[in-house]
Every structure is written in C-alpha cells, then in structure tokens.
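Here my numbering runs 71 ahead of the position in the sequence shown, where the first position is 1. Glycine is no exception: its CB is placed at the ideal position from the N, C-alpha and C atoms. From a predicted model like this one, the values you see are computed outputs, not experimental measurements. The block underneath contains the structure these notes are about, expressed in structure tokens.
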Amino acid sequence: MAGQGSAGAAATRGGAGTVAPLDGWAVAVTREEGRWRAVAMERDSLADLDSAISALRGLRSTGAVLGLLDVDDEFFVLVRPTPGGVALLLSDAVAALDYDVAADVLDLLRLEVPDEDEADDDPWPEGDLGMLADLGVPADELAVLVEEIDLYPDEQLTAIARRCGFADELAKVVETADA
Numbered sequence: 072m073a074g075q076g077s078a079g080a081a082a083t084r085g086g087a088g089t090v091a092p093l094d095g096w097a098v099a100v101t102r103e104e105g106r107w108r109a110v111a112m113e114r115d116s117l118a119d120l121d122s123a124i125s126a127l128r129g130l131r132s133t134g135a136v137l138g139l140l141d142v143d144d145e146f147f148v149l150v151r152p153t154p155g156g157v158a159l160l161l162s163d164a165v166a167a168l169d170y171d172v173a174a175d176v177l178d179l180l181r182l183e184v185p186d187e188d189e190a191d192d193d194p195w196p197e198g199d200l201g202m203l204a205d206l207g208v209p210a211d212e213l214a215v216l217v218e219e220i221d222l223y224p225d226e227q228l229t230a231i232a233r234r235c236g237f238a239d240e241l242a243k244v245v246e247t248a249d250a
C-alpha cells in the first residue's frame with residue numbers, strides 16, 4: 072500500500088509531498104440476529120486501507136460487516152470483508168490523485184489512478200456497486216446515491232445507512248466522535 076505519512080495517521084494530499092491529518096470519520100457496522108451495531112474505528116483507518124480492513128476482519132461477526140469511511144469530507148469508501156477477499160467502493164476515483172487511501176482502493180481493485188487531466192472531470196465511482204444488494208440497496212440505487220454530487224460524503228453515507236436500516240446507530244457513533 073502507498074505510504075501514509077507520520078505513524079499512518081495522515082495522508083498525502085495537495086501534492087508535492089505535503090502531509091496533513093485527515094478530517095472525517097470511520098465507522099464499522101455489524102448485523103447480528105437482525106440487529107445493527109455501530110462502533111467507531113480508529114482514525115488511522117481514514118488514511119490506511121489495510122488498517123480499516125484488519126479492523127473489520129477483527130470484528131468476527133456471523134452477519135454482515137461493513138466499514139464506512141468519510142475521508143476529509145471529500146469522498147467516501149465502503150469496505151466489506153468477504154470470504155474470498157474484500158468488496159470495495161470508492162465514491163470518487165479522482166481522489167486517488169491526492170489521497171493515498173483512495174489510491175490504495177484502486178490498487179486493490181487493480182485499476183489505474185486517473186491521469187491529472189481527468190481531475191477536472193466529474194467524479195466517478197469505482198468498485199462493487201452491488202456490495203449492499205443483500206442489505207436492501209441494489210446496485211442501481213447505490214449508483215444513484217454515489218453519483219449524487221450535490222450531497223457531501225457524510226450525507227451520502229447517511230442515505231446509504233438509512234436504506235440499509237442502521238442510520239440511527241451510525242448517527243450516534245458519528246455524533247459521539249464529533250463531540
């Protein structure tokens with residue numbers, strides 16, 4: 072994975088090797104016996120995809136496990152461990168030009184980082200749009216939510232959580248993290 076700066080708690084952005092702490096939040100949600108539970112993930116999950124994946128695998132739930140990363144209020148990443156690997160969705164592939172965690176997502180998806188000249192294009196998602204179909208969000212609905220450029224990433228994640236049925240649990244964790 073790409074280098075993450077000091078102690079894995081920062082990510083490159085702005086080019087020229089600048090490193091700054093990231094804003095945002097990382098939340099893990101699990102579904103056990105029909106009930107959702109949400110917990111805050113370590114902040115280094117915002118900059119280090121391996122940390123996020125390891126934390127989610129460590130939850131060892133018999134039901135669904137999903138990580139939601141709101142990175143720097145610029146884009147989001149959905150991470151869902153699967154028996155054969157991990158399902159990923161990056162809301163804005165162009166973010167890989169400035170954020171190592173976004174570049175790491177593209178790397179795991181075996182996709183190239185977009186060219187600099189594509190940075191002026193509208194953002195586009197990359198990854199598994201069908202990853203939440205079993206949780207009530209079919210691929211076409213997830214595509215609509217991800218491509219809604221008038222919403223901030225936290226608003227998009229809240230809409231996704233509402234459709235899956237864990238919006239209240241997510242809100243409690245995010246409010247606590249912001250306090």
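> Is P224 buried or exposed, if buried means 16 or more other CB atoms sit within 10 Å of its CB?
Replying inline: buried
> For D143, which of D171, V150, R108 and L206 has the nearest alpha-carbon?
Replying inline: D171
> Using the beta-carbon count (16 or more within 10 Å), is R151 buried or exposed?
Replying inline: buried
>> Taking the beta carbon of P196 as the centre, do at least 16 other beta carbons fall within 10 Å, making it buried, or is it exposed?
In response: buried
>> Give me the residue from T101, L117 and D191 with the minimum Cα distance to R128.
In response: T101
> Assuming R234 contacts V208 under a Cβ cut-off of 8 Å, what Cβ separation, rounded to an integer in Å, is found between them?
Replying inline: 5 Å
>> I'd like the span of the alpha helix (DSSP H) that includes A97, first residue to last.
In response: Unbroken run through A97 is the beta strand (DSSP E), G95 to E103; no alpha helix (DSSP H).
> Expressed to the nearest angstrom, what Euclidean distance is found between the alpha-carbon atoms of A242 and V110?
Replying inline: 11 Å
> Skipping 5 residues on each side, what residues in its chain have a beta carbon closer than 6 Å to that of V245?
Replying inline: W96
> Looking at the structure shown, is A118 part of a helix, part of a strand, or coil, going by DSSP?
Replying inline: coil
> How about A123 and S116: do their beta carbons lie closer than 8 Å?
Replying inline: yes
> Taking the C-alpha atoms as reference points, what is the distance between T247 and E103?
Replying inline: 22 Å
>> Going by DSSP in three states, T153 sits in which element: helix, strand or coil?
In response: strand
> Does the distance from the CB of L159 to the CB of V136 come in under 8 Å?
Replying inline: no
> Taking the C-alpha atoms as reference points, what is the distance between E253 and E189?
Replying inline: The first residue shown for the chain is 72 and the last is 250, placing residue 253 beyond what the model contains.
>> Is any non-hydrogen atom of the ligand GTP found closer than 7 Å to the C-beta of A164, if you look at the structure I gave you?
In response: Inclusion of the ligand GTP in the displayed structure is not the case, the ligand content being empty and no account of it being possible.
> From this set, A99, E145 and L203, which residue's C-alpha is nearest L93's C-alpha?
Replying inline: E145
> At what residue ranges does the region 144–226 contain a whole run of the beta strand (DSSP E), taking only runs of 3 or more?
Replying inline: 146–153 and 156–161
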